[in-house]
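Residue numbers (the numbering used here): 58 to 367.
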């Protein structure tokens with residue numbers, strides 16, 4: 058019954074709140090008791106959408122609040138904080154970054170006034186240090202005024218692989234799990250024990266084509282572990298949240314990644330080239346994913362480089 062109610066709440070909320078990133082209509086959906094997320098748009102980041110292209114949100118406990126990813130710009134971070142304050146005036150005690158990609162971390166500075174504890178994977182600081190100059194140059198141009206105020210705030214509390222961290226928001230226990238190299242080399246998931254809700258970060262893409270920035274083998278392994286997780290609700294890094302009784306989101310991503318891997322292996326075994334792979338691998342998946350042309354070739358390139366050294 059709890060799962061059915063949670064699933065129905067998504068349908069109702071989706072109808073009631075259009076997922077827009079404009080300041081006058083930035084909205085969040087409640088998918089379980091005390092759990093809210095803003096669904097990012099399936100677009101490339103730009104000044105008009107404020108970089109709000111990833112799923113971000115928050116969990117309200119009895120004593121304080123945890124933010125799960127802060128948004129794709131300082132402006133989105135401010136909008137997310139405003140949305141939080143419309144639901145609770147409890148302290149914001151944690152900002153959890155699931156990985157370094159700018160659509161998930163550029164809103165961090167909007168929460169500095171709350172003096173939260175910033176939390177991430179043990180490899181997140183190195184990932185941020187190596188990319189922040191590039192991100193700053195690129196996204197200050199892409200986002201324009203929405204970027205103003207952005208700071209690259211590093212996590213002070215780090216989660217080690219194979220050593221999950223638990224946080225208590227007040228009668229609300231969260232379990233943070235760090236993964237070996239998969240989507241990136243520093244992916245983190247958040248599991249709310251109270252409602253059995255799993256925030257996957259970008260280990261799961263729904264509807265929008267995935268972006269490989271780590272290991273295709275590691276990502277498939279991580280998905281095969283996560284799909285069996287006992288979760289009533291799943292909030293992916295991109296796309297619609299869904300009930301744990303549904304498996305399509307998981308299976309679609311697994312199909313895409315395994316298709317890319319197996320077709321590349323055939324080309325490598327036949328002594329084919331990376332150019333051949335880019336032109337032919339996984340093209341049958343094009344109709345299944347938004348932004349396919351923008352990311353698929355990069356995915357094939359990254360996977361080929363990894364797999365040719367197997």
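The beta carbon of each residue, even a glycine, is placed where N, CA and C say it ideally should be. Keep in mind the model is a prediction, meaning the values are calculated, not measured.
Just to confirm the assignment, what range does the beta strand (DSSP E) spanning residue i have?
i: residue 88; result: 86 to 89
i: residue 240; result: Here residue 240 belongs to no beta strand (DSSP E), and DSSP marks it neither H nor E.
i: residue 153; result: 149 to 153
i: residue 95; result: 92 to 95
i: residue 290; result: 290 to 295
i: residue 122; result: 122 to 125
i: residue 298; result: No beta strand (DSSP E) holds residue 298; DSSP gives it neither H nor E.
i: residue 225; result: 222 to 225
i: residue 115; result: 113 to 117
Relative to the C-alpha of residue i, which candidate in the options has its C-alpha closest?
i: residue 257; options: 332, 279, 264, 309; result: 279
i: residue 178; options: 150, 241, 208; result: 241
i: residue 252; options: 364, 318, 301, 172; result: 301
i: residue 149; options: 160, 295, 137; result: 137
i: residue 272; options: 151, 365, 93; result: 365
i: residue 267; options: 319, 255, 337, 307; result: 307
i: residue 317; options: 328, 337, 83, 193; result: 337
i: residue 143; options: 170, 87, 254; result: 87
i: residue 172; options: 367, 194, 147, 218; result: 147
i: residue 319; options: 218, 367, 248, 286; result: 367
i: residue 341; options: 170, 313, 159; result: 313
i: residue 263; options: 345, 332, 249; result: 345
i: residue 140; options: 83, 239, 219, 209; result: 83
i: residue 239; options: 104, 359, 254, 194; result: 359
i: residue 309; options: 286, 333, 281, 287; result: 281
i: residue 299; options: 269, 332, 254, 285; result: 254
i: residue 243; options: 269, 250, 124; result: 269
i: residue 125; options: 165, 209, 104; result: 165
i: residue 249; options: 220, 100, 286; result: 286
i: residue 209; options: 247, 220, 169; result: 169
i: residue 193; options: 218, 247, 219, 159; result: 159
If you drop the 5 nearest sequence neighbours on each side, which residues of the same chain put their C-beta closer than 7 Å to that of residue i?
i: residue 59; result: At residue 59, the pLDDT of 42 sits below 50, so the modelled position is not reliable and the matter cannot be decided from this model.
i: residue 78; result: Confidence is the limiting factor: at residue 78 the pLDDT is only 41, short of 50, which leaves the residue's position unreliable, though a coordinate-based value still follows. Taken in chain order, the residues that qualify are 98, 106, 107, 109, 133.
i: residue 322; result: 364
i: residue 352; result: 266, 268
i: residue 100; result: 106, 110
Does the separation of the CB atoms of residue i and residue j fall below 8 Å?
i: residue 107; j: residue 167; result: no
i: residue 145; j: residue 122; result: yes
i: residue 226; j: residue 196; result: no
i: residue 311; j: residue 283; result: no
i: residue 232; j: residue 245; result: no
i: residue 157; j: residue 188; result: yes
i: residue 224; j: residue 102; result: no
i: residue 304; j: residue 96; result: no
i: residue 362; j: residue 339; result: no
i: residue 237; j: residue 275; result: yes
i: residue 265; j: residue 328; result: no
If contacts are defined as beta-carbon pairs under 8 Å, then residue i and residue j qualify, I think. What distance do you get, rounded to the angstrom?
i: residue 229; j: residue 128; result: That belief does not hold up - the Cβ atoms of residue 229 and residue 128 are roughly 22 Å apart, past 8 Å.
i: residue 277; j: residue 315; result: 6 Å
i: residue 85; j: residue 118; result: Incorrect: roughly 17 Å between the Cβ atoms, too far for contact.
i: residue 35; j: residue 325; result: Past the edges of the chain, shown from 58 to 367, lies residue 35, and the structure says nothing about it.
i: residue 131; j: residue 205; result: 6 Å
i: residue 111; j: residue 191; result: With a Cβ gap of about 18 Å, residue 111 and residue 191 do not count as contacting.
i: residue 294; j: residue 155; result: 7 Å
Among residues of its own chain, excluding the 5 on either side of residue i, which ones have a beta-carbon nearer than 8 Å to its beta-carbon?
i: residue 198; result: none
i: residue 350; result: 343
i: residue 216; result: 176, 177, 178, 179, 222, 233, 234, 235, 245
i: residue 333; result: 324
i: residue 104; result: 199, 200, 201, 202, 203
i: residue 220; result: 235
Leaving out five residues on either side along the sequence, give the residues of the same chain with a beta carbon under 6 Å from the beta carbon of residue i.
i: residue 214; result: 174, 176
i: residue 211; result: 182, 185
i: residue 135; result: 167
i: residue 89; result: 63, 252, 254, 290
i: residue 68; result: Unreliable placement is indicated for residue 68, whose pLDDT of 38 sits below 50; the coordinate value is still reported in the next sentence. Once the five neighbours on either side are set aside, residue 68 has no close Cβ partner at all.
Would residue i pass as an interface residue toward chain D - the criterion being a Cβ-Cβ separation below 8 Å?
i: residue 337; result: Any reference to chain D falls outside this structure, which holds one protein chain only.
The alpha helix (DSSP H) that contains residue i, what's its start and end?
i: residue 353; result: 349 to 364
i: residue 52; result: Outside the displayed span of the chain (58 to 367) sits residue 52, for which this structure offers no information.
i: residue 276; result: 273 to 283
i: residue 160; result: 159 to 162
i: residue 331; result: 331 to 337
i: residue 110; result: Where residue 110 is concerned, there is no enclosing alpha helix (DSSP H), given that its DSSP letter is neither H nor E.
i: residue 200; result: 181 to 200
i: residue 137; result: 131 to 142
At a cut-off of 7 Å, would you count residue i as near the ligand SAM, judging by its Cβ distance to the nearest heavy atom?
i: residue 337; result: This structure does not include the ligand SAM; it has no bound ligands of any sort.
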